[in-house]
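K.L.:
Structure provided below as structure tokens; questions to follow.
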Amino acid sequence: MRVRKDLMILSIMAMLLSFFIVKCFDNQRIGYDIGVTTSVYKIQELMSQLKALQETNRELKEDLRQKEAVLNNYENEATERIYRGEEIRKQLEQARILAGLTDLEGPGIEIILNDRKKDTIMLDEPYSISDFIVHDIDLLEVVNELKAAGAEAIAINGARILATSRISCGGPTITVGAGQRFAPPFIIHAIGDPDALANYFERPDSIYHILTFYGLEFSIKKLNNVKIPRYYGEVNFSYARPVEGGE
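All the letters of the sequence shown, read from the start, carry residue numbers 1 to 247 under full-length UniProt numbering.
Now the structure itself:
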């Protein structure tokens with residue numbers, strides 16, 4: 001009886017142990033399944049986030065490309081405006097120089113033109129006194145020869161000479177440019193090639209030979225730097241006007 005009782009107890013314990021083992025196994029399997037399912041969901045969620053980030057990155061890259069294209073256009077337009085502005089500035093500066101509205105300096109020559117000094121010839125020929133003084137036509141001839149020699153700017157006694165400048169007699173004085181009156185001596189400055197300007201007066205038909213023949217003082221000096229002031233008067237056109245397009 002003792003043995004059978006013991007066997008029964010062992011059988012019951014074996015059954016209980018088997019039950020506990022199976023139960024534990026089932027619990028582990030269920031836990032494993034839950035862990036696997038959770039991992040799959042987590043991976044799917046991360047994949048979705050990754051795809052969303054990739055799409056956002058693509059959109060940002062496209063937006064950046066578009067903004068860079070717009071920026072490049074602005075930069076090109078700005079560069080073009082700067083270039084055009086510089087060209088306009090150069091043209092305006094050139095126009096101001098041609099109009100005589102800018103002080104200039106550069107190599108050139110200085111001419112001093114004066115009446116003949118009083119001597120016995122002038123006293124013996126009082127009716128020919130006009131042959132021995134400087135006239136407006138003489139200054140005009142000097143200016144014309146300077147222009148022909150390539151002078152880029154000319155001034156008489158500091159008065160800038162323009163294409164429209166008048167040089168006319170006014171009794172014992174000569175009116176130059178904007179109503180400025182000067183008496184001799186006349187100091188004429190011209191900017192240009194000093195050799196070309198000076199050599200032009202060596203021509204046989206130059207006004208230099210005519211005036212010096214009558215004893216007028218006519219000196220020429222080459223200078224490394226000549227300063228010529230801007231024109232300060234008004235320029236008025238009574239008859240000339242710009243040609244309209246199509247005319």
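Every residue gets a Cβ at the ideal spot worked out from N, C-alpha and C, and that includes glycine.
Would the region 149-159 and the region 182-194 be scored as touching if the rule is three or more Cβ pairs under 8 Å?
P.N.:
Cβ pair count under 8 Å is three or more, so yes.
K.L.:
Does residue 149 pass the burial test, meaning 16 or more other C-beta atoms within 10 Å, or should it be called exposed?
P.N.:
Walking along the sequence shown from the start, residue 149 turns up at place 149. With 16 or more other Cβ atoms within 10 Å, it is buried.
K.L.:
Can you name, in chain order, every residue of its own chain whose Cβ lies under 7 Å from the Cβ of residue 173, other than the five neighbours on each side?
P.N.:
The count along the sequence shown starts at 1 and reaches residue 173 at position 173. Same-chain partners within the cutoff: 181, 182, 183.
K.L.:
Start and end of the alpha helix (DSSP H) containing residue 194?
P.N.:
If you number the sequence shown from 1, residue 194 lands on position 194. First-last of the alpha helix (DSSP H) with residue 194: 194-200.
K.L.:
Can you check which of these residues, 239, 82, 194, is closest to residue 221 by C-alpha distance?
P.N.:
What you label residue 221 is simply residue 221 of the sequence shown in a count that begins at 1. The residue with the shortest Cα to Cα distance from residue 221 is 194.
K.L.:
Can you tell which of 114, 66, 45, 47 has the C-alpha that lies nearest to the C-alpha of residue 219?
P.N.:
Along the sequence shown, one-based indexing puts residue 219 at 219. Residue 219 has its Cα closest to that of 114, out of 114, 66, 45, 47.
K.L.:
In the region 130-197, which residue ranges form an unbroken beta strand (DSSP E) of at least 3 residues, counting only runs that do not cross its ends?
P.N.:
With a minimum length of 3 residues, the continuous beta strand (DSSP E) runs that stay inside the region 130-197 are 153-156, 167-170, 173-176, 180-182, 186-191.
K.L.:
Going straight from the alpha carbon of residue 93 to that of residue 227, what length do you get?
P.N.:
As a first step, residue 93 is located in the sequence shown; it is residue number 93 there, counting from the start. As a first step, residue 227 is located in the sequence shown; it is residue number 227 there, counting from the start. Straight-line Cα distance between these residues: approximately 18 Å.
K.L.:
Are the region 165-179 and the region 126-141 touching by the rule of at least three beta carbon pairs closer than 8 Å?
P.N.:
Segments in contact, yes.
K.L.:
Compute the distance between the beta-carbons of residue 101 and residue 231, then report whether it is under 8 Å.
P.N.:
What you label residue 101 is simply residue 101 of the sequence shown in a count that begins at 1. What you label residue 231 is simply residue 231 of the sequence shown in a count that begins at 1. Taking 8 Å as the Cβ cut-off, residue 101 and residue 231 qualify as a contacting pair.
K.L.:
Could you check the C-alpha separation between residue 47 and residue 80 for me, to the nearest Å?
P.N.:
Residue mapping note: residue 47 aligns to position 47 of the sequence shown, counting from 1. Residue mapping note: residue 80 aligns to position 80 of the sequence shown, counting from 1. So the alpha carbons of these two residues sit roughly 49 Å apart.
K.L.:
According to DSSP, simplified to helix, strand and coil, what is residue 25?
P.N.:
Here the question's residue 25 lines up with position 25 in the sequence shown. Confidence is the limiting factor: at residue 25 the pLDDT is only 48, short of 50, which leaves the residue's position unreliable and the question unanswerable from this model.
K.L.:
Report buried or exposed for residue 200, applying the criterion of at least 16 other Cβ atoms within 10 angstroms of its Cβ.
P.N.:
Walking along the sequence shown from the start, residue 200 turns up at place 200. Looking at its Cβ environment, which holds 16 or more other Cβ atoms inside 10 Å, residue 200 is buried.
K.L.:
Identify the residues that DSSP records as bridge partners of residue 110: which are they?
P.N.:
Locating residue 110 in the sequence shown gives position 110, where the first residue counts as 1. The partner list for residue 110 (beta bridge, DSSP) reads 189, 221.
K.L.:
Please report how far the alpha carbon of residue 235 lies from the alpha carbon of residue 151, in whole angstroms.
P.N.:
In the sequence shown, the residue the question calls residue 235 occupies position 235. In the sequence shown, the residue the question calls residue 151 occupies position 151. Looking at the two C-alpha atoms, the distance is approximately 21 Å.
K.L.:
Secondary structure at residue 216, three-state DSSP: helix, strand or coil?
P.N.:
Residue 216 sits at position 216 when you count from the first residue of the sequence shown. Reduced to three states, the DSSP call for residue 216 is coil.
K.L.:
Can you give the beta carbon distance from residue 109 to residue 223, rounded, assuming they're within the 8 Å contact cut?
P.N.:
As a working mapping, residue 109 is identified with position 109 in the sequence shown. As a working mapping, residue 223 is identified with position 223 in the sequence shown. Yes, they are in contact, since the Cβ atoms of residue 109 and residue 223 sit about 6 Å apart, within 8 Å.
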